[in-house]
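**Q**
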Amino acid sequence: MTAALGGGAARDAVVVEPLGSPWPVTAGLTRDGATVVGGVDVRDLVAEHGTPVYVLDEEDFRARARAFRSAFSDAFARIGTGVDVYYAGKAFLSVAVARWAREEGLRIDTATGGELAVALRAQVPGPEIGLHGNNKSDDELDRALAARVGRIVVDSLEEVARVARAVERRGDGVPAPVMVRVTTGVHAGGHEYISTAHEDQKFGLSVAGGQALEALEAVVATPGLELLGVHSHIGSQILEPDGFAVAARSVLGLRAELAQRTGVLVPEVDLGGGFGIAYLPGESALDPAVAAEGLAAAVATACAELGTAVPRISIEPGRAIVGPAGLTLYSVGTLKPVAVDEGLVRTYVSVDGGMSDNLRPALYGADYTARVLSRPTGDVMTLARVVGKHCESGDVVVRDVMLPADVRRGDVLGVAATGAYGRSMASNYNQVPRPPVVAVRGGTARVLVRRETEDDLLALDLG
Ligand code: LLP
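This note's numbering applies: residue 2 is where the sequence shown begins, and numbers increase by one.
#1: What span of residues does the beta strand (DSSP E) with GLY446 cover, start to end?
#2: Using CA coordinates, which residue listed in ARG376, SER425, LEU107, PHE62 is at the minimum distance from ASP358?
#3: At the level of alpha carbons, what is the spacing between GLY236 and ASP13?
#4: Just curious, the alpha helix (DSSP H) that ARG166 is in, first and last residue?
#5: CA-CA distance, ALA118 and PRO437?
#6: Just to confirm the assignment: which complete alpha helix (DSSP H) runs, minimum length 4, are found wholly within the stretch 298-352?
#7: Which term fits LYS91, buried or exposed, when burial requires 16 or more other beta carbons within 10 angstroms of its beta carbon?
#8: Confirm, please, whether the CB-CB distance from VAL387 to LEU374 is below 9 angstroms.
#9: Can you tell me the Cα-Cα spacing of TYR365 and VAL311, whole angstroms?
#10: Under the three-state reduction of DSSP, which class applies to PRO19: helix, strand or coil?
#11: Which residue comes first and which comes last in the beta strand (DSSP E) that contains HIS232?
#12: Rounded C-beta distance between GLY350 and VAL408? I'm assuming under 8 angstroms.
#13: Within 10 angstroms of its Cβ, does ASP156 collect 16 or more other Cβ (buried), or is it exposed?
#14: Applying the criterion that 16 or more other CB atoms from any shown protein chain within 10 Å of the CB defines a buried residue, is VAL220 buried or exposed?
#15: Shorter than 8 angstroms, the distance from the beta carbon of HIS50 to the closest heavy atom of ligand 1, or not?
#16: Let me know if GLY9 comes out buried or exposed under the rule of 16 or more other beta-carbons within 10 Å of its beta-carbon.
#17: Considering ALA87, what are the terminal residues of the alpha helix (DSSP H) in which it resides?
#18: Report the three-state DSSP secondary structure of TYR55 (helix, strand or coil).
#19: Going by DSSP in three states, PRO362 sits in which element: helix, strand or coil?
#20: Consult DSSP for GLU200 and reduce its assignment to one of helix, strand or coil.
#21: When you compare only the Cα positions, how much space is there between ARG320 and ALA279?
#22: Assign THR383 to one of three DSSP states: helix, strand, or coil.
#23: Ignore the nearest five residues each way along the sequence and tell me which others in GLY106's own chain have a CB closer than 7 angstroms to its CB.
#24: Compute the Euclidean distance between the alpha carbons of ALA35 and PRO53, then round it to the nearest angstrom.
#25: With hydrogens ignored, establish whether the beta-carbon of SER95 is closer than 8 angstroms to any heavy atom of ligand 1.
#26: Thinking C-beta only, is ARG171 closer than 9 angstroms to GLY230?
#27: What do you reckon, is the C-beta of ALA367 under 8 angstroms from a heavy atom of ligand 1?
#28: Using 8 angstroms as the cut-off, classify the Cβ of ASP110 as near or not near the heavy atoms of ligand 2, replying yes or no.
#29: DSSP has ASP42 in a bridge; who is on the other side?
#30: Using only alpha-carbon positions, find the residue among LEU384, SER138, LEU272, ALA165 that is nearest to LEU345.
#31: Just mark ARG32 as buried or exposed, buried being the case when its beta carbon has 16 or more other beta carbons within 10 Å.
#32: Within a Cβ cutoff of 8 angstroms, which residues of the same chain sit near GLU215, ignoring the five residues on either side of it in sequence?
#33: For ligand 1, is there any heavy atom lying closer than 8 angstroms to the beta carbon of GLY295?
#34: May I have the straight-line CA-CA distance separating ALA290 from LEU336, to the nearest angstrom?
#35: For ASP342 and SER428, what's the separation of their Cα atoms in angstroms?
#36: So does the stretch 61-76 actually touch the stretch 19-31, counting three or more Cβ pairs closer than 8 angstroms?
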């Protein structure tokens, strides 16, 4: 594609200065000051695909998937057990991404029939797929059984009987592999709305309140169900491993108690996702090796104390694999200097997207960083707020960022670390079509999900 652009001259794509965290690993400046990602010049990407556009660095995604797999496999091999890493598709799922995950040895965690459909379209074998959800429909359960998914994670007492009925409906005598999602009371991570292990919320069954044990015993007693294990997900954007370790001890204690009462020692424990990433320069992510070592030590100690065998472990990272691999490119439009305080002027930099392509700042107060990627800029910086084009004042993309004072209409602005929960939570607010997802690798760009058009939106409107 580079040949068609830039006057036909192939651009120099060799990175001499990486942008560094939180930008994708291949993002950097070339000798002539251009920014490339995956070996593709950002100007070429924009000329070909327009803005806004989500860009996914395939090498970055794959490296993170491998890092999780090897860190956890190594740490748990040392305590004598194996690990399955499920990529949490809710962070971002497309057919190609499901394939990348699988090629790197990961399985796929789905939370709806839609995510299941994408994984199946990518030819991920059913046994390598997990299905979550606090309100699965009969249709979703039936499809999961038909696909022979490796695990259905039950999230309520009534669901135990509903899965058993789905097995009967199917009528082939094959039992459904089931895990029970429990809440350990451990609350870790950032914003309250993205922490899912407090007791007073919709997910899981309480360990302390006894419902977790009740559901596990119900699964053991129900014909047609095969109890695989216990599942715990403690929150999102967790930067310290301690919360995982506390939750692991609780879950392992529950597993031992179930064994005492029923004689069934479940073979697996899933510790969920939530591994935190860097969103801003200078922030550090939770290193998968540190998380793996901490968890393996906690699991080994707890099992030794409880006198139980070490279970097989699984985890479900989403954000930590796809988040840093993604960035969003916008075009700068209106610039508006606003006097905010005595002597303080903030430049509102409007871009051609906003809360429809990244809801996280509006929903969680999430912070991002941005920079001009289409040209070398001056050294003088100015306080800026990057805002979208939607009809509300909360439509903020980056709340506070220093941008070059010479930022101008037509510049391409990149926002880092938007790979997770950007496209997957995008909407058509204000009838704005959703941007495409373009993967870059080795100097080539490939559209994974095409841009929506106004015709796409109008096609749904039956008048
Ligand atoms: N497993 C389960 C059962 C989950 O509920 C989640 C996330 C994950 C795995 C993946 O978590 P991750 O590793 O990506 O943090 N929309 C919010 C995040 C909601 C996450 C909900 N569950 C955000 O944009 O921050």
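In this text, a Cβ means the ideal position worked out from N, Cα and C, and glycines have one as well.
Given the structure is predicted, the values throughout are model-derived calculations rather than measurements.
**A** Concretely, from the data shown:
#1: If you number the sequence shown from 1, residue 446 lands on position 445. A quick correction: the sequence has Ala, not Gly, at residue 446. For ALA446, the enclosing beta strand (DSSP E) starts and ends at 445-450.
#2: Numbered from 1 along the sequence shown, position 357 holds the residue referred to as residue 358. Comparing Cα positions, the closest option is SER425.
#3: Mapped onto the sequence shown, residue 236 falls at position 235. Mapped onto the sequence shown, residue 13 falls at position 12. Computed Cα separation, rounded: 43 angstroms.
#4: Start at 1 with the first residue of the sequence shown, and residue 166 comes out as number 165. Counting along the chain, the alpha helix (DSSP H) containing ARG166 begins and ends at 158-171.
#5: Locating residue 118 in the sequence shown gives position 117, counting from the first residue. Locating residue 437 in the sequence shown gives position 436, counting from the first residue. Distance between the alpha carbons of ALA118 and PRO437 is about 20 angstroms.
#6: 320-323
#7: On the sequence shown, residue 91 is found 90 positions in, with the first residue counted as 1. By the neighbour-count rule (16 or more Cβ atoms within 10 Å), LYS91 is buried.
#8: Residue numbering aside, residue 374 sits at position 373 when the sequence shown is read from its first letter. Residue numbering aside, residue 387 sits at position 386 when the sequence shown is read from its first letter. Taking 9 angstroms as the Cβ cut-off, LEU374 and VAL387 do not qualify as a contacting pair.
#9: The residue labelled residue 365 in the question sits at position 364 within the sequence shown. The residue labelled residue 311 in the question sits at position 310 within the sequence shown. TYR365 and VAL311: Cα-Cα distance of roughly 37 angstroms.
#10: The count along the sequence shown starts at 1 and reaches residue 19 at position 18. Here PRO19 sits in strand by DSSP.
#11: As a working note, residue 232 is residue 231 in the sequence shown. Element bounds for HIS232: 226-233.
#12: Along the sequence shown, one-based indexing puts residue 350 at 349. Along the sequence shown, one-based indexing puts residue 408 at 407. In the sequence under discussion, the amino acid at residue 350 is Val, which differs from the Gly named in the question. About 6 angstroms separates the two Cβ atoms, so the contact holds.
#13: Position 155 of the sequence shown, counting from 1, holds the residue named residue 156. Result: buried.
#14: Taking the sequence shown and counting its residues from 1, one reaches residue 220 at position 219. Label assigned to VAL220: buried.
#15: Locating residue 50 in the sequence shown gives position 49, counting from the first residue. No, ligand 1 has no heavy atom inside 8 angstroms of this Cβ.
#16: Along the sequence shown, read from residue 1 onward, the residue named residue 9 stands at position 8. With a pLDDT of 42 at GLY9, under the threshold of 50, the predicted position of this residue should be treated as unreliable, and no value is reported.
#17: Numbered from 1 along the sequence shown, position 86 holds the residue referred to as residue 87. It should be pointed out that residue 87 corresponds to Tyr in this sequence rather than to Ala. Run containing TYR87: none in the alpha helix (DSSP H); it sits in the beta strand (DSSP E), 84-89.
#18: In the sequence shown, counting from the first residue as 1, residue 55 sits at position 54. Collapsing the DSSP output to three states places TYR55 in a strand.
#19: Residue mapping note: residue 362 aligns to position 361 of the sequence shown, counting from 1. Three-state result, PRO362: helix.
#20: Translated into the one-based positions of the sequence shown, residue 200 becomes position 199. Three-state DSSP puts GLU200 in coil, outside helix and strand.
#21: On the sequence shown, position 319 is the one that residue 320 refers to. On the sequence shown, position 278 is the one that residue 279 refers to. Distance between the alpha carbons of ARG320 and ALA279: 10 angstroms.
#22: Taking the first residue of the sequence shown as position 1, residue 383 is located at position 382. Residue state for THR383 is assigned as strand, using DSSP reduced to three classes.
#23: The sequence position of residue 106 within the sequence shown is 105, counting from 1. Within the same chain, GLY106 has close Cβ partners ARG70.
#24: As a working note, residue 35 is residue 34 in the sequence shown. As a working note, residue 53 is residue 52 in the sequence shown. Going by the C-alpha atoms only, they are around 19 angstroms apart.
#25: The count along the sequence shown starts at 1 and reaches residue 95 at position 94. No; taking the cut-off as 8 angstroms, the Cβ of SER95 has no heavy atom of ligand 1 nearer than that.
#26: By 1-based counting over the sequence shown, the position of residue 230 is 229. By 1-based counting over the sequence shown, the position of residue 171 is 170. Contact: no.
#27: Counted from its first residue, the sequence shown places residue 367 at position 366. Within the cutoff, so yes.
#28: By its list of ligands, the structure shown excludes ligand 2, since it contains just ligand 1.
#29: Within the sequence shown, residue 42 is the residue found at index 41, counting from 1. Beta-bridge pairing links ASP42 to VAL37.
#30: Mapped onto the sequence shown, residue 345 falls at position 344. Nearest option by C-alpha distance: LEU384.
#31: Taking the sequence shown and counting its residues from 1, one reaches residue 32 at position 31. With fewer than 16 other Cβ atoms within 10 Å, it is exposed.
#32: Start at 1 with the first residue of the sequence shown, and residue 215 comes out as number 214. So the qualifying residues of the chain are LEU158, LEU206.
#33: As a working mapping, residue 295 is identified with position 294 in the sequence shown. Outside the cutoff, so no.
#34: On the sequence shown, residue 290 is found 289 positions in, with the first residue counted as 1. On the sequence shown, residue 336 is found 335 positions in, with the first residue counted as 1. Answer to the nearest angstrom: the Cα atoms are 44 angstroms apart.
#35: The residue labelled residue 342 in the question sits at position 341 within the sequence shown. The residue labelled residue 428 in the question sits at position 427 within the sequence shown. Going by the C-alpha atoms only, they are around 34 angstroms apart.
#36: yes
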